[in-house]
Amino acid sequence: MFNRDRWKEILEVLSSNVFRTLATSFGVGWGIFILIILLAAGKGLENGIRADFGDIATNTMFMWSRNTTISYKGLPKGRRFSFKLEDVQAINDKVPNLRFISPRNQLGGFGSGNNVVRGLKTGAFNVYGDYPEIIRQEPMTITSGRFVNQNDIEDKRKIAVIGDGVQNELYDQGETVIGTYIKIQGVNFMVVGTYQKKDSGGGEEGQKEIYVPFTAFSQAFNMGNDVGWMAITANDGSSISELKEKIVGVVKENRKIHPDDKRAVGYFDLYEQFNRVESLFGALRWVAYFVGVLVLLSGIIGVSNIMLIVIKERTKEIGIRRALGEAPWSIKKQILMESIFLTIISGMIGIIFGAAFIYGVNAVLDSVGPVDMFINPSVSLGVVVSALVILIFSGLLAGFIPAQSAIKIRPIEALRTE
Amino acid sequence: MIQIKDLHKSYKMGKNSLHVLKGINFNVEEGELVAIMGSSGSGKSTLLNILGMLDSSDSGEYILDNVPIKDLNETKAARYRNKFLGFVFQSFNLINYKSAAENVALPLYYQKVPRKERQEKALKYLEQVGLKEWAGHLPSELSGGQKQRVAIARALAAEPKVLLADEPTGALDSKTSYEVMDLIQKINDAGNTILIVTHEPDIADMCKRIVHLKDGVIIEDKKIEQVRAEQYV
Ligand SMILES: Nc1ncnc2c1ncn2[C@@H]1O[C@H](COP(=O)(O)OP(=O)(O)OP(=O)(O)O)[C@@H](O)[C@H]1O
Ligand SMILES: [Mg+2]
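Here the protein sequences line up with chains U and Z, keeping their order.
The opening position of the first sequence corresponds to residue 1 in the UniProt record's numbering, with each subsequent residue numbered one higher.
The opening position of the second sequence corresponds to residue 1 in the UniProt record's numbering, with each subsequent residue numbered one higher.
1. Hey, quick one: how far does the beta strand (DSSP E) through Glu61 of chain Z stretch, first residue to last?
2. Considering Val310 of chain U, what are the terminal residues of the alpha helix (DSSP H) in which it resides?
3. Where does the unbroken beta strand (DSSP E) through Leu415 of chain U begin, and where does it stop?
4. Nearest chain U C-beta to Ile196 of chain Z closer than 8 Å, yes or no?
5. For Val389 of chain U, is the beta carbon positioned less than 7 Å from some heavy atom of ligand 1?
6. Quick one: does Arg81 of chain Z have its CB under 8 Å from some CB of chain U?
7. So for Ile10 of chain U, helix, strand or coil by DSSP?
8. Can you tell me where the alpha helix (DSSP H) holding Ala398 of chain U begins and where it ends?
9. With distances taken from CA atoms, which of Z:Glu179, Z:Tyr109, Z:Gln90 is nearest Leu331 of chain U?
10. Can you say whether Ile311 of chain U is buried or exposed, counting buried as having 16 or more other CB atoms within 10 angstroms of its CB?
11. Report the residues of the stretch 126 to 160 of chain Z with a CB closer than 8 Å to any CB of chain U, ordered along the chain.
12. Taking the beta strand (DSSP E) that Met61 of chain U belongs to, which residues open and close that run?
13. Closer than 9 Å, Cβ to any Cβ of chain Z: which residues of the UniProt domain "ABC3 transporter permease C-terminal" (290 to 399) of chain U, in chain order?
14. Is the CB of Pro411 of chain U under 8 Å away from at least one CB in chain Z?
15. With DSSP as the reference, identify every bridge partner of Tyr131 of chain U, one or two as the case may be.
16. So, for Ile37 of chain U: in the same chain, excluding its five sequence neighbours on each side, which residues have a beta-carbon less than 8 Å away from its beta-carbon?
17. Assuming Val116 of chain U contacts Ile210 of chain U under a Cβ cut-off of 8 Å, what Cβ separation, rounded to an integer in Å, is found between them?
18. Mind checking Ile178 of chain U: buried by the 16 CB within 10 Å criterion, or exposed?
19. Is the beta carbon of Val187 of chain U sitting closer than 8 Å to the one on Lys156 of chain U?
20. Could you name the residues of the same chain whose beta carbon sits closer than 6 Å to that of Gly42 of chain U, not counting the 5 residues immediately before and after it, in chain order?
21. Considering only the alpha carbon of each residue, which of Z:Asp182, Z:Lys222, Z:Leu126 lies closest to Ala155 of chain Z?
22. Would Asn67 of chain U and Arg80 of chain U be called neighbours here (beta carbons separated by less than 8 Å)?
23. Going by DSSP in three states, Phe83 of chain U sits in which element: helix, strand or coil?
24. Looking at the structure shown, is Ile70 of chain U part of a helix, part of a strand, or coil, going by DSSP?
25. Comparing C-alpha positions only, which one of U:Asp236, U:Ile101, U:Tyr128, U:Glu133 sits nearest to Gly108 of chain U?
26. Taking only heavy atoms of ligand 2 into account, decide whether any of them is closer than 7 Å to the Cβ of Val197 of chain Z.
27. Could you name the residues of chain Z that Ser16 of chain U contacts, counting a contact when the two beta carbons are closer than 7 Å?
28. In chain order, which beta strand (DSSP E) runs of at least 3 residues are fully inside the stretch 10 to 51 of chain Z?
29. Please confirm if Leu415 of chain U has its CB atom under 8 Å from at least one CB of chain Z.
30. If you compare alpha carbons, which of Z:Leu47, Z:Tyr80, Z:Ser59, Z:Phe84 is closest to Glu30 of chain Z?
31. At a threshold of 7 Å, does Asp166 of chain Z count as lining ligand 2 (C-beta to nearest heavy atom)?
32. Any contact between the stretch 364 to 378 of chain U and the stretch 14 to 29 of chain Z? By contact I mean 3 or more CB pairs, one from each, below 8 Å.
33. I'd like to know whether the C-beta atoms of Val192 of chain U and Gly145 of chain U end up nearer to each other than 8 Å.
34. Comparing the C-beta of Tyr11 of chain Z with each C-beta of chain U, is any distance below 8 Å?
35. Give the secondary structure of Asn188 of chain U by DSSP, where H, G and I count as helix, E and B as strand, and everything else as coil.
36. What are the start and end residues of the beta strand (DSSP E) that includes Thr141 of chain U?
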């Protein structure tokens with residue numbers, strides 16, 4: 001493999017007809033170029049759509065209560081019910097592989113009136129009673145102070161973390177926020193932190209939220225043990241989509257809801273949505289590989305063809321070598337190596353041009369600003385490595401038939417050709 | 001060194017088959033210099049190619065240096081050729097993009113001789129054929145006689161048991177032919193066994209034995225008094 005004489009010979013052969021070598025390489029280089037570009041474009045689209053999902057822990061479901069539609073155990077249908085804190089515990093006990101269960105209670109919401117007051121300023125905001133884990137399920141950036149923590153929960157501290165939008169409406173520019181009080185439906189909460197959410201489709205709404213400890217919320221607004229809403233995230237190894245039936249089942253049993261009552265518990269499976277998009281990316285990657293490999297295939301056929309011609313031209317030489325005692329496999333190896341070398345070199349050129357092209361596209365994207373659903377098209381090292389593997393394989397493939405034909409002809413016949 | 005018994009060979013062309021060798025029997029001892037003569041188409045090259053394991057016979061026995069040569073696959077044939085045989089062709093058959101020294105070193109490369117030793121040996125044999133100064137030249141820069149001398153050096157490089165030459169002087173003028181024959185005689189003097197196919201009686205007379213082929217059989221096989229080529233050079 002790393003034999004100097006072999007390499008010398010490969011270079012001699014390939015450089016003996018530079019134009020032909022270049023023309024041959026073009027096919028393979030072009031194929032890899034197309035493959036890289038397609039994969040990068042797919043990646044760009046993927047990045048764009050992923051950005052829309054934000055950093056949300058995607059293996060998550062959201063669950064809320066509705067009215068029952070089937071009467072059960074003497075309870076009428078159409079009954080309004082609410083999750084309880086025991087349900088959270090029960091889910092925790094009975095369903096394995098869950099990472100977080102965050103119960104939430106909520107005030108305000110779409111279309112409701114002003115519920116928060118600070119001095120003379122008032123505003124209508126969503127107010128959430130939450131557990132600290134929620135920040136992992138609905139990521140936000142803490143811009144000052146801190147988020148709700150476990151001590152706040154245990155001590156039922158009346159503290160609040162407010163969004164940018166809340167700050168803009170209730171505070172003057174440059175005013176200190178941390179340590180001040182806001183009044184939520186008549187109850188004073190001390191602001192301990194501010195956050196900013198990535199724009200994830202919610203627009204301004206996401207910034208106009210107030211987070212307070214779940215326990216303090218329940219106490220202040222007389223929720224008792226009620227839980228309005230839950231965000232449940234599964235461990236990385238398991239899928240929430242598979243666990244959700246069980247979770248809903250536990251809750252139904254606890255709340256005395258008929259097992260067949262499909263409407264009583266509402267939920268949204270983020271993971272399923274995400275997977276749908278994921279499988280679209282997968283399909284896109286397939287298309288890219290498919291098209292790229294087809295183009296590459298025509299390049300390979302080109303290389304194979306040229307190698308056949310080269311071998312025809314070298315028939316006599318091969319005859320001489322065999323008369324001098326070169327073993328057939330050695331000739332075969334030589335031709336395969338020539339072919340692999342040629343494909344790898346041309347493939348590398350394709351990769352380099354592809355990378356330069358992507359770099360150029362990124363530069364343009366950067367300068368014209370963000371384009372919808374298309375961010376940072378790129379190819380990973382993994383793609384380059386797999387492209388190289390494909391190339392080596394292609395080289396083998398391209399060289400195989402010529403190599404076979406080179407040793408098929410008997411030395412005596414090879415010597416006779418002129 | 002060489003024992004051949006009842007060797008037959010025919011070429012099939014479609015339905016017809018051409019019986020070229022019709023039972024050849026002959027032995028060659030170590031150190032002989034044999035000329036194989038005969039009219040065109042008498043099967044001289046065919047015989048030499050079978051001796052050289054470049055072609056196979058249909059029937060008959062061939063023993064080379066006490067090794068029976070039969071049922072060879074290509075890999076084995078290549079190894080035997082490399083070990084036992086040196087070839088000299090009418091059309092020289094040098095590899096045109098390799099220098100004289102590289103051409104000579106080629107059989108040694110197939111024997112996996114280390115690079116440095118290969119180069120030394122190649123130079124040694126080029127010196128023996130009087131072309132040391134031409135070591136770095138490509139075949140295209142050499143005259144016909146020089147090319148054939150390089151080819152002879154190449155055939156010698158692997159130190160074969162037998163040297164097979166198919167009309168080695170066929171493409172050369174008479175003066176150069178004698179130079180080449182002089183070289184072949186000297187190599188033979190050193191103890192090498194050599195078989196030469198030739199048309200030319202004067203070349204045949206420079207050997208020690210003449211085998212005459214006609215219509216696929218040996219019609220004459222005689223030892224002769226060798227004419228030294230030296231005197232014509
Ligand atoms: N590959 C082949 N296929 C068919 N016929 C062949 C083949 N090689 C040789 N022959 C025939 O076999 C016969 C002997 O050929 P060969 O080459 O041995 O003759 P030769 O004695 O070397 O002749 P020359 O002196 O012209 O070189 C010829 O009639 C030739 O046409
Ligand atoms: Mg002949």
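Note that beta-carbon positions come from the ideal geometry of N, C-alpha and C, so glycine has one too.
Everything numeric in this text was worked out from a predicted model, so none of it was measured.
With the given structure in hand:
1. Under the DSSP assignment, Glu61 of chain Z falls in the beta strand (DSSP E) whose first and last residues are 59 to 64.
2. Element bounds for Val310 of chain U: 270 to 313.
3. Careful: Leu415 of chain U lies outside any beta strand (DSSP E), inside the alpha helix (DSSP H) at 411 to 416.
4. It does not: the Cβ of Ile196 of chain Z has no partner Cβ on chain U nearer than 8 Å.
5. Flag unset: Cβ of Val389 of chain U not near ligand 1.
6. With 8 Å as the cut-off, Arg81 of chain Z counts as an interface residue toward chain U.
7. Looking at Ile10 of chain U - three-state DSSP - the assignment turns out to be helix.
8. For Ala398 of chain U, the uninterrupted alpha helix (DSSP H) run begins and ends at 381 to 408, by DSSP.
9. The question names Leu, yet the displayed sequence has Ile at residue 331 of chain U. Considering only Z:Glu179, Z:Tyr109, Z:Gln90, the residue with the shortest C-alpha distance to Ile331 of chain U is Z:Tyr109.
10. Per the 10 Å Cβ criterion, buried.
11. Residues Arg154, Ala158.
12. In the DSSP annotation of this structure, the continuous segment of the beta strand (DSSP E) that includes Met61 of chain U starts and ends at 60 to 65.
13. Of all residues in the UniProt domain "ABC3 transporter permease C-terminal" (290 to 399) of chain U, only Lys316, Glu317, Gly319, Ile320, Arg321, Arg322, Ala323, Leu324, Gly325, Glu326, Ala327, Pro328, Trp329, Ser330 come within less than 9 Å of chain Z when Cβ atoms are compared, listed by chain position.
14. Yes, contact with chain Z.
15. Tyr131 of chain U is not bridged to any residue.
16. Within the same chain, and ignoring the five residues on either side of Ile37 of chain U in sequence, the residues whose Cβ sits closer than 8 Å to its Cβ are Gly354, Phe357, Ile358.
17. Rounded, the Cβ-Cβ distance is 7 Å, consistent with contact.
18. With fewer than 16 other Cβ atoms within 10 Å, it is exposed.
19. The answer is no: Cβ separation not under 8 Å.
20. When the five nearest sequence neighbours on each side are left out, the beta carbons in the same chain lying within less than 6 Å of the beta carbon of Gly42 of chain U are those of Leu284, Arg285, Ala288, in order along the chain.
21. Ranking the options by Cα distance to Ala155 of chain Z, first place goes to Z:Leu126.
22. For Asn67 of chain U and Arg80 of chain U, yes; Cβs fall inside 8 Å.
23. Strand.
24. If DSSP states are grouped into helix, strand and coil, Ile70 of chain U belongs with coil.
25. Selected option, being the one with the closest Cα: U:Tyr128.
26. Yes.
27. In chain order: Tyr97.
28. Here the runs fully enclosed are 16 to 28, 33 to 38.
29. The beta carbon of Leu415 of chain U falls within 8 Å of a beta carbon belonging to chain Z, placing the residue at that interface.
30. Nearest C-alpha to Glu30 of chain Z: Z:Phe84.
31. Because some heavy atom of ligand 2 lies under 7 Å away, the Cβ of Asp166 of chain Z counts as near it: yes.
32. When C-beta atoms of the stretch 364 to 378 of chain U are compared with those of the stretch 14 to 29 of chain Z, fewer than three pairs fall below 8 Å, so the two segments do not count as touching.
33. Yes, the pair counts as a contact, with Cβ atoms nearer than the cut-off.
34. No, because no Cβ of chain U sits closer than 8 Å to the Cβ of Tyr11 of chain Z.
35. Secondary structure of Asn188 of chain U (DSSP, three-state): strand.
36. 141 to 145 is the extent of the beta strand (DSSP E) around Thr141 of chain U.
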